[in-house]
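Undergrad: Using this note's numbering, the letters of the sequence shown map in sequence onto residues 294 to 543.
Sharing a structure, written as structure tokens. Questions coming.
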Amino acid sequence: MDQPLVSIITPTYNSSKFIIQTVQSVLEQTFDNFEHIIVDDCSTDNTWDILLELQKKDSRIKIERMKENSKAALTRNHGIKLAKGKYIAFLDSDDLWEPNKLEIQVQFMQNTQCAFSFSNYRMIDEDGKDLNRLVKCPKVISYKDLLKNTTIGCLTVMLDTEKLGKPIMPNLQPEDTALWLKILRNGEKAYCIQEVLASYRIVKNSASSNKIKVAKKMWKVYRESENLSFIPSLWNFSHYAWNAVKKHYL
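Written out as structure tokens, the structure reads:
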């Protein structure tokens, strides 16, 4: 199989507890033509020291440090700016990939000629224990689908930069969903690989663990980023909220 370069973007902030496991899940990939761009957002723990050591072990690991704390969107965008790959993939600093994730996904992208792919994923706890909760996604997601169901896990996404150009994450949380909407708004569709290729770690007191704050931010995406009027926003938000409950609690 032809091996195009994949650029993996990982933002870090005080990620010392999990970053070694995350990077190891990348280094264990059966597909080896990648660059792992890790951008640290001015961590106050020893994350940077760990990254320096990881970089010494493998030349495919490339680390950068933000000049000032800038939050996830701008940190990811800095990594994207440095990316040289045909494909861009995303992996947060506490999540994990299955060893064949890149191999399966690159082959899927090449076989289907799609520009945007993602996959199913599982949820794990802070200790890496499987919570027996799988996020199973529809095979195809359109713009209207995503407005009602933000099921696309950032840790599973791969984008073709030759078809889409280099993406820029909006500085509006949730920045990943805001980007997917921006891409799909123009008629593009996202295609799901019906396999579990990644593990999403549930971390206590993380930004994503506060569901009320996350919901408020999603409402802001409807109103400010997508410019939806009140009634369409309420309609989509009601579906979003129900799907979020199913994903996390049922």
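From the three backbone atoms N, C-alpha and C, an ideal C-beta is built for every residue, glycine too.
Judging by CA-CA distance, which residue of Ile356, Leu384 and Trp512 is the nearest neighbour of Tyr533?
TA: Trp512
Undergrad: Could you pull out every residue in the same chain whose Cβ sits closer than 6 Å to the Cβ of Gln296, ignoring the five residues on either side in sequence?
TA: Asn326
Undergrad: DSSP on Met462, reduced to helix/strand/coil?
TA: Coil at Met462, not helix or strand.
Undergrad: Grouping DSSP H, G and I as helix and E and B as strand, with all else coil, what is Leu375?
TA: helix
Undergrad: Helix, strand or coil for Leu440, going by three-state DSSP, please let me know.
TA: helix
Undergrad: Could you work out which residue in Trp341, Phe530, Glu346 and Cys407 is closest to Leu359 when comparing CA atoms only?
TA: A small fix is needed here, since residue 359 is Met in this sequence, not Leu. That would be Trp341, whose Cα lies nearest to the Cα of Met359.
Undergrad: Could you check how far apart the C-beta atoms of Ser522 and Leu477 are, in whole angstroms? I think they sit under 8 Å.
TA: No, Ser522 and Leu477 are not in contact; Cβ-Cβ is about 19 Å, not under 8 Å.
Undergrad: Quick one: what's got a C-beta closer than 7 Å to Leu309's C-beta in the same chain, skipping five residues either side?
TA: The sequence given here has Ser at residue 309, not Leu. Excluding sequence neighbours, Ser309 sits near Asp338, Asn339, Thr340 and Ile343.
Undergrad: Would you report the Cα separation of Gly378 and Ser300, rounded to the nearest angstrom?
TA: The C-alpha of Gly378 lies about 5 Å from the C-alpha of Ser300.
Undergrad: Can you check whether the CB of Lys432 is closer than 8 Å to the CB of Gln398?
TA: Their beta carbons are not under 8 Å apart, which means Gln398 does not touch Lys432 by this criterion.
Undergrad: Who are the Cβ neighbours of Asp418 in its own chain at under 8 Å, not counting the five residues just before and after it?
TA: Leu424, Arg494 and Ile495
Undergrad: Identify, in the order they occur along the chain, each residue of the same chain with its Cβ nearer than 7 Å to the Cβ of Met402, setting aside the five sequence neighbours on each side.
TA: Tyr380, Ser410, Met451 and Asp453
Undergrad: Following the continuous alpha helix (DSSP H) through Ser492, name the residue where it begins and the one where it ends.
TA: Unbroken run through Ser492 is the beta strand (DSSP E), Ala483 to Arg494; no alpha helix (DSSP H).
Undergrad: Using DSSP with H/G/I as helix, E/B as strand and the rest coil, what is Ile445?
TA: coil
Undergrad: Going by the beta-carbon positions, is the gap between Ile302 and Ile356 smaller than 8 Å?
TA: no
Undergrad: Can you name, in chain order, every residue of its own chain whose Cβ lies under 8 Å from the Cβ of Val428, other than the five neighbours on each side?
TA: Cβ-Cβ distances below 8 Å link Val428 to Asn413, Tyr414, Arg415, Met416, Thr444, Gly446, Tyr493 and Lys540 in the same chain, with the five nearest sequence neighbours on each side left out; the list follows chain order.
Undergrad: Buried or exposed: where does Asn442 fall if 16 or more other Cβ atoms within 10 Å of its Cβ makes it buried?
TA: buried
Undergrad: Is the distance from the Cβ of Met462 to the Cβ of Arg369 below 8 Å?
TA: yes
Undergrad: CA-CA distance, Ser363 and Cys407?
TA: 32 Å
Undergrad: Have a look at Cys485 and Glu468 and give me their C-alpha separation to the nearest angstrom.
TA: Spanning the alpha carbons of Cys485 and Glu468 requires a straight line of approximately 20 Å.
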